[in-house]
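Colleague: Residue numbers (the numbering used here): 1 to 834.
In this text, a Cβ means the ideal position worked out from N, Cα and C, and glycines have one as well.
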Amino acid sequence: MGRMVKTIVSTALAAILGMCAFQAVSGTDARAAAEVELGREYVYSLNTSEYNTYTFDLHIAAGRGGYYLFEADGDDLNLEFDLYCNGEETPVVTRTGSEIFYYEDLQPSTSYSFVVKGKAKYTYDNELRIMVSYIDPQSPDVVTVNDKTFPDPIFRNYVLTRIDIDGDMTLSEAEIFRVREIYFKSDESDDSTKYYDLTGIKFFKELRTLYYDNNYLTSLDVSGLDKLERLSVIWGKNDLRSVNCSGCSSLKTLELQANDKLSDLNFKGCNKIEIFNLNGSSVPSIDVASLPELRELRCGKNRVIKSIDLSHNPELVRLYIQDTGITGLDLTNNTNLYEINVAEYEEKEGSISYIKFGYQPNLKTINCYRQSLTDLDISSCPKLTSIQCGKNKLTSLDCSNNPKLQSLSCKDNKIGTVYAAGAISDLNTDPGVEVVILSPSDWQFTGYGWDVDNADPSKTVAYANFKCTKAGHTSHMSSQIMKLKILVLDPTCDETGLIEYLASLPDSVSRNRESLSDKKSFESPAKGHDWGAWKVTTKATVGKNGEETRICKNDSSHKQTRKIAVLTPTPTAKPTKAASVTLKLDKSKADIICGKDLTLKATVKGTKQAVTWKSSDTKVATVDKNGKVTAKMAGAVTVTATVAGKTATCKVTVLYKDVTNSKDFWFEPTNYLTAKGVVKGYDNQTKFKPANICTRAQMVTFIWRLQGEPKPKTTTCKFKDVKKTDYFYKACIWGNENHIVEGYKDGTFGPQINCARKHAVTFLWRLAGTPKPSSSKNKFKDVKKSDYFYKATLWASEKKILAGYDDGTFRPNGNCLRRQMVTFLYKYDKYVNG
């Protein structure tokens with residue numbers, strides 16, 4: 001059964017249209033009125049077989065006729081629908097069925113009543129949904145519905161019968177705007193319910209939910225639907241192989257389970273996903289590092305997936321990855337876990353050889369049945385109530401730090417002793433397994449252990465070591481992973497850096513119920529100076545020294561200056577008097593938009609020779625024999641006119657087609673950096689697209705070009721997603737060598753990931769050598785002292801690189817648009833490079 005397509009009508013619009021009144025009354029026949037909103041969905045519970053009556057009274061104001069849509073539906077209901085006009089006793093329209101979808105061109109200055117009677121087919125709870133909404137007949141058209149815009153005939157029929165309200169085979173803005181939810185469920189015995197192609201779905205920009213059960217798709221593209229919150233395309237019947245939901249920035253629920261041929265999934269930019277279900281797919285790898293709000297992950301019944309990194313998902317609550325090819329799990333960063341199920345149900349030995357738990361204060365259930373575990377350390381999981389770890393390779397099991405444990409099944413292992421905190425009500429072990437009760441007093445703290453990785457501090461682990469003192473079990477040991485806080489102070493050219501690790505174990509988890517803490521500090525050596533080439537800042541002349549400067553590549557605030565010797569004068573020949581010829585152009589500089597032309601006029605005196613013309617760069621602009629300058633692509637050229645040994649020039653700036661207003665704050669920065677070769681455009685350098693979002697690849701390339709495209713020290717890039725053929729290959733290596741950009745923990749750079757404003761300002765701060773701001777005053781109310789970009793933001797503000805917004809915010813998480821990026825770089829070059 002279908003679900004209604006939700007409609008939204010503003011309060012102001014409802015007031016103009018007229019009053020809509022409504023009253024829901026139980027019984028066989030009743031009429032009453034109360035105010036109700038157009039476009040609002042009313043939901044009622046029906047749990048008896050008696051009819052309930054619901055009445056709308058609607059008055060259409062003068063001059064405001066148009067299409068009104070009446071909808072009522074529910075699950076397992078019998079519905080009756082009547083439409084009355086001007087209080088007549090006989091309805092003008094009657095409908096019956098389990099779903100009502102009806103529209104009418106209602107007349108102005110007329111009153112109507114819309115009556116729905118609903119009866120549940122069964123006695124359990126049923127929902128009845130009722131809604132009346134308005135479709136403006138004057139709304140402009142957007143798309144024609146045909147076999148090109150909606151190729152699938154079944155989907156096209158759905159659009160024509162359920163969305164194209166006025167039946168003109170064209171969707172208007174109003175008709176598109178009302179589409180918020182689309183629900184499909186195919187019936188194998190009914191071809192009219194089988195949707196094979198949803199091309200056209202992206203016209204519905206306001207879509208919040210797309211649900212398709214028993215789907216017959218082979219591919220699906222919903223990319224760019226940034227209002228979409230739920231995408232559920234489940235139980236594939238026709239080999240769904242690819243899904244593209246990239247750019248669906250509001251997506252919270254992504255359900256693609258039971259599509260066993262699905263191998264290509266693109267969810268870049270879907271950073272708000274909370275529920276992710278890929279059970280039964282063939283996706284070879286799942287990168288969830290960009291999903292910090294992920295709460296539930298299901299990716300079981302997938303043998304091709306071999307590993308998964310969950311270190312960036314601190315909000316993860318439930319994890320279900322049964323029957324996979326995954327070989328191990330590190331859950332030390334998932335401190336909110338409540339339930340984990342990694343069991344192997346297909347009568348074969350599982351591939352998981354280790355599960356690394358950390359401090360999991362909320363974890364209650366673990367199911368790792370039929371895996372290949374040789375050890376299971378659950379000592380920092382105080383709320384565990386159930387463990388299923390049968391058919392593994394465990395030789396011992398210590399549950400003595402799990403006082404709430406009620407159920408334990410550990411049969412078919414090689415366990416000799418189970419250590420427990422008390423009696424376990426539901427215990428299933430192999431015969432002969434000894435159960436030993438240990439209390440906190442049976443443990444003695446023996447010291448700390450550290451696995452330090454200063455190259456990647458996030459991989460450092462601290463342990464609290466304990467020894468069992470109970471008679472007969474003094475050889476039993478335990479090492480508990482501690483909570484770790486990491487402080488990093490980067491080294492400079494002259495000063496050493498510092499890495500400090502602070503480890504703690506709360507008394508609620510500690511084996512002996514005593515809180516423990518330890519720390520380690522490591523100095524990192526100063527970088528020293530890495531000087532660039534000498535550059536002349538002031539040319540030497542006869543009788544006056546010049547000056548040249550070089551800048552440290554590690555810290556651009558470090559400079560060295562030295563003098564250049566004065567020049568020796570040389571005798572010159574006595575000049576001969578030149579002919580009195582003059583040449584002048586009517587313009588010394590000009591702006592021309594790409595594709596346009598401008599004719600320069602030359603005024604010549606003292607000769608009748610013809611003027612010749614030349615462009616310094618014919619790729620940017622050409623000039624013909626008559627001085628007609630034609631703009632080809634954005635950039636800067638010098639047009640030179642020559643006659644009788646005399647020259648005159650005009651500096652021509654070719655403007656992008658979409659950067660022509662000199663009042664725009666990005667006008668000067670765009671043209672300045674284009675002329676310097678720092679930024680490039682689109683469409684053969686004719687459009688800049690200032691509103692496009694800047695990517696990480698673009699940002700590091702622009703910075704590299706701004707610095708003169710310095711050659712990297714090495715020719716090998718450490719990031720696995722950066723190829724030698726990429727335009728940003730050298731820029732990426734150089735940026736990483738100079739600590740301007742860093743990659744992700746999975747060894748990628750993420751070149752196509754959007755560059756946020758906080759990233760852009762941090763890159764420039766690092767380019768400047770991470771200078772300390774001269775003031776600690778922070779004028780941005782959304783920038784906290786604990787933010788990693790705090791100093792960068794203060795410094796950029798002091799240097800006039802960053803201004804912020806009128807409401808006193810910086811908006812660090814906002815995407816850095818190309819117009820903002822080019823302005824940051826321009827101000828950096830102006831105020832920092834000088």
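Quick one: residues in its chain with C-beta nearer than 6 Å to the C-beta of residue 138, no 5 flanking neighbours on either side, listed in chain order?
Modeller: So the list is empty, once near-sequence residues are dropped.
Colleague: Which parts of the segment 639-678 are runs of the alpha helix (DSSP H), unbroken and 4 residues or longer, counting only runs that do not cross its ends?
Modeller: Counting whole runs of 4 or more residues, the segment 639-678 contains the alpha helix (DSSP H) stretches 667-675.
Colleague: Excluding five sequence neighbours on each side, which residues of the same chain lie with their C-beta closer than 7 Å to the C-beta of residue 207?
Modeller: Here the set comprises 179, 180, 182, 225, 227, 228.
Colleague: Ignore the nearest five residues each way along the sequence and tell me which others in residue 819's own chain have a CB closer than 6 Å to its CB.
Modeller: Answer for residue 819: 666, 690, listed in chain order.
Colleague: For the 8 Å Cβ check, are there 3 or more pairs between the segment 639-648 and the segment 682-699?
Modeller: Segments in contact, no.
Colleague: Rounded to whole angstroms, what is the Cα-Cα separation between residue 825 and residue 739?
Modeller: Between residue 825 and residue 739, the C-alpha separation is close to 18 Å.
Colleague: What does the Cβ neighbour count give for residue 153, buried or exposed, with the cut at 16 atoms within 10 Å?
Modeller: Burial call: exposed.
Colleague: Jot down the residue ranges of each uninterrupted beta strand (DSSP E) in the segment 433-484, minimum 3 residues, whole runs only, in chain order.
Modeller: Those beta strand (DSSP E) runs which fall completely within the segment 433-484 and span 3+ residues are 434-437, 443-451, 461-468, 477-481.
Colleague: Could you spell out where the beta strand (DSSP E) holding residue 319 opens and where it closes?
Modeller: Element bounds for residue 319: 318-320.
Colleague: When every heavy atom of the ligand ADP is checked, does at least one fall within less than 6 Å of the C-beta of residue 179?
Modeller: Among the components of this structure there are no ligands whatsoever, and the ligand ADP is therefore not found.
Colleague: What does the alpha-carbon distance come out to for the pair residue 44 and residue 51?
Modeller: C-alpha separation (whole angstroms): 13 Å.
Colleague: When the Cα of residue 340 is compared with those of 200, 325, 369, which residue comes out closest?
Modeller: Ranking the options by Cα distance to residue 340, first place goes to 369.
Colleague: For the segment 452-466 against the segment 429-437, are there 3 or more C-beta pairs whose distance is under 8 Å?
Modeller: In short, these stretches do not touch, since the Cβ pair count stays below three.
Colleague: Between the beta-carbon of residue 69 and the beta-carbon of residue 176, is there less than 7 Å?
Modeller: Against a cut-off of 7 Å, the Cβ pair of residue 176 and residue 69 comes out as no contact.
Colleague: In whole angstroms, what separates the C-alpha of residue 317 from that of residue 333?
Modeller: Going by the C-alpha atoms only, they are around 12 Å apart.
Colleague: I need the boundaries of the beta strand (DSSP E) containing residue 134, first residue and last residue.
Modeller: Start and end: 126-135.
Colleague: Compare the Cα-Cα distances from residue 247 to each of 267, 605, 745, 471 and report the closest residue.
Modeller: Out of 267, 605, 745, 471, 267 has the C-alpha closest to the C-alpha of residue 247.
Colleague: Is the Cβ-Cβ distance between residue 479 and residue 463 less than 7 Å?
Modeller: The answer is yes: Cβ separation under 7 Å.
Colleague: So which of 148, 623, 569, 600 has the shortest CA-CA distance to residue 584?
Modeller: If we check each option's Cα against that of residue 584, 600 comes out closest.
Colleague: Count the other CB atoms within 10 Å of the CB of residue 302; is the residue buried (16 or more) or exposed (fewer)?
Modeller: Residue 302 should be labelled buried.
Colleague: Ignore the nearest five residues each way along the sequence and tell me which others in residue 489's own chain have a CB closer than 7 Å to its CB.
Modeller: These residues qualify, in order along the chain: 497, 498.
Colleague: List, from N- to C-terminal side, the alpha helix (DSSP H) runs of 4 residues or more that fit wholly inside the segment 674-743.
Modeller: The qualifying runs are 696-706, 729-737.
Colleague: Report, in whole angstroms, the separation of the C-beta atoms of residue 72 and residue 160, which I expect to be a contact under 8 Å.
Modeller: Contact doesn't hold; Cβ gap of about 21 Å is too wide.
Colleague: Please classify residue 660: is it buried, with 16 or more other beta-carbons within 10 angstroms of its beta-carbon, or exposed?
Modeller: Burial call: exposed.
Colleague: Which residue's Cα is closest to the Cα of residue 347: 322, 355, 360?
Modeller: If we check each option's Cα against that of residue 347, 322 comes out closest.
Colleague: Quick one: what's got a C-beta closer than 6 Å to residue 221's C-beta in the same chain, skipping five residues either side?
Modeller: 244.
Colleague: Measuring straight from C-alpha to C-alpha, what distance separates residue 469 and residue 265?
Modeller: For residue 469 and residue 265, the distance between alpha carbons rounds to 54 Å.
Colleague: Given this structure, state the Cα-to-Cα distance separating residue 606 from residue 646, to the nearest angstrom.
Modeller: Rounded to whole angstroms, residue 606 to residue 646 spans 11 Å at the Cα level.
Colleague: Would you grab the beta carbon distance between residue 114 and residue 58 for me? Rounded to a whole angstrom, and I think it's under 8 Å.
Modeller: About 6 Å; that satisfies the 8 Å criterion.
Colleague: Are the CB atoms of residue 313 and residue 288 nearer to each other than 7 Å?
Modeller: A contact, by the Cβ cut-off of 7 Å.
Colleague: In this structure, does DSSP put residue 336 in helix, strand or coil?
Modeller: Coil, per DSSP.
Colleague: When you compare only the Cα positions, how much space is there between residue 41 and residue 273?
Modeller: Roughly 26 Å separates the two Cα atoms.
Colleague: Mind checking whether residue 696 and residue 750 have CB atoms under 7 Å apart?
Modeller: Yes, the Cβ-Cβ distance between residue 696 and residue 750 is below 7 Å.
Colleague: State the Cα-Cα distance for the pair residue 598 and residue 617, rounded to the nearest angstrom.
Modeller: Using only the alpha carbons, I get a separation of about 16 Å.
Colleague: Provide the residue(s) that pair with residue 560 in DSSP beta bridges, ordered along the chain.
Modeller: Bridge partners of residue 560: 550.
Colleague: Where do the ends of the alpha helix (DSSP H) carrying residue 762 lie?
Modeller: First-last of the alpha helix (DSSP H) with residue 762: 757-767.
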